[in-house]
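The numbering of the sequence shown is numbering that gives the first Met the number 0, which starts it at 0 and goes up by one.
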Amino acid sequence: MEGHPEIYELLINGEVVLRYRSMYEGFTAQERAKIILERIRNMGSDLVKAPVVTGRINGSPVVLVKERLLITVTEADWESNNSTGDGLAKVWAENLNKALKNDISRGNSVPQSQEPQNPADNGGTGDTGASQPGDTTQPGTGENTGAQINATAEEIKMLELINKERAAAGVAPLKMDNELVRIARLKSQDMIDKNYFDHNSPTYGDPFTMMKNFGVKYGYAGENLAGNQTVDNAHVSLMNSPGHRKNILNPNYTHVGIGIREGGPYGKMFTQMFISKN
């Protein structure tokens, strides 16, 4: 009805995190939604690594991430929620922090992969990260399907879950690689020690640089990350994420290193490093 503000909702994994109104004089709810989603995209991993907090800009209550504006709480918002501006901003910040923590604990991070390409091609960025040529020379590392590998029971279980998915998809199983296991464990432990969750490590750089610095040569490479309490839940969440699922089922990969470490805010950190040796 004319004169009544529209209602719009921001959902994360199907759960309503923000329910807000259009401004009486200004943007519609749809226009606000586009602005908020664009800010979310621009903030990227800061939404995961930095806490969502409240504040004020020009006297208006706001929700911030690393001092960057995410959403302004309008009078229409707090009146429709029978709250105050500062009170509603606090609720929204708490909802976002909770939803983002749950999201990352289910392993829903942005996966990265690299594929070989024509050296004249500049590559690009997207859901699978930047591309660059790989070196297909095989490193002298140990490999196995899990039975005799120097891996923990949980790491072997995750390999078995991965290969079960690959078999169902008609894709050849992955072999566990000793050196990749060691590197993946280092990455998981680094995320715990340095309190971050990201493909780019302050210690080792991006996963592809890390692999190369440890002497791993590959034709294709990719990395999945998850934070969770159990192997089964981490695996399910990764398979439910299109980018992570693509890495798990990628027929180009021949070997994997799985590193699981106890600790961090999610209980355990999981790193999966995939390569092809073909």
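Even for Gly, the Cβ is constructed at its ideal location relative to N, Cα and C. Since the model is a prediction, treat every value here as computed from it, not as a measurement.
For K186, the enclosing alpha helix (DSSP H) stretches over residues N177 to K193. A straight line joining the alpha-carbon of M42 with that of N96 spans about 14 Å.
Of all alpha-carbon atoms in G266, H234 and E178, the one lying nearest the alpha-carbon of L158 is that of H234. If you ignore the 5 residues before and after E164, its C-beta comes within less than 7 Å of the C-beta of M238, I247 and L248, all in its own chain and listed in chain order. In this structure, H254 is the residue among K216, P241, K193 and H254 with its C-alpha nearest to the C-alpha of L173. By the criterion of a C-beta distance shorter than 6 Å, K65 is surrounded in its chain by D45 and A49, once the five residues flanking it on both sides are discounted. In chain order, V72, G84, D85 and A88 place their CB closer than 6 Å to the CB of P60, counting only its own chain and leaving out the 5 sequence neighbours on each side. With a beta-carbon spacing of about 5 Å, L179 and M272 fall inside the 8 Å limit used to define contacts. G242: member of the alpha helix (DSSP H) spanning P241 to L248, first to last residue. Assignment of V170 by DSSP, reduced to helix, strand and coil, places it in the coil class.
E93 is classed as exposed because its beta carbon has fewer than 16 other beta carbons within 10 Å across all chains shown. Check the Cα spacing between V90 and each of T151, P206 and L17: the tightest is with L17.
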